[in-house]
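In UniProt numbering, the protein residues as written are 1 to 65.
All residues carry an ideal CB built from backbone N, CA and C; glycine is no exception.
None of these values were measured; they are calculated from a predicted model.
Notes to accompany the following structure.
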Amino acid sequence: MTGFTRAEVMQRSACTDFLQGQMTSVGVMESIKEALRKGEEKHFEILYYRKDGIQVQKSTVSNQT
C-alpha cells in the first residue's frame with residue numbers, strides 16, 4: 001500500500017510523518033496528532049505519499065482506546 005517494508009514502518013513515528021509530502025495538509029496532520037494526544041476518536045481525509053512518491057488519498061480514524 002505504501003511501498004515501505006514492515007521493518008521500515010516499525011522504525012518510524014506513529015504520526016506517519018514519513019508519509020507526508022508537498023501537498024499534505026499541515027492542518028489535518030496537526031488535528032491527527034492532537035486527537036492521538038487526547039485519545040479521541042476522529043475521522044480524517046488526508047493526502048499521503050507512497051515511498052515511490054505517488055500520491056494516495058487516505059481515510060484515517062484516530063482512536064487510542
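Tell me the DSSP secondary structure of residue i in three-state form.
i	result
isoleucine 32	helix
glycine 3	coil
glycine 27	helix
Does the distance from the C-beta atom of residue i to that of residue j stay below 9 Å?
i	j	result
tyrosine 49	glycine 21	yes
isoleucine 54	serine 25	no
Could you please give me the residues that DSSP links to residue i through a beta bridge?
i	result
valine 56	Tyr48
valine 61	His43
Which residue comes first and which comes last in the alpha helix (DSSP H) that contains residue i?
i	result
glutamate 40	Premise fails: glutamate 40 is in no alpha helix (DSSP H) and is neither H nor E.
alanine 7	6–10
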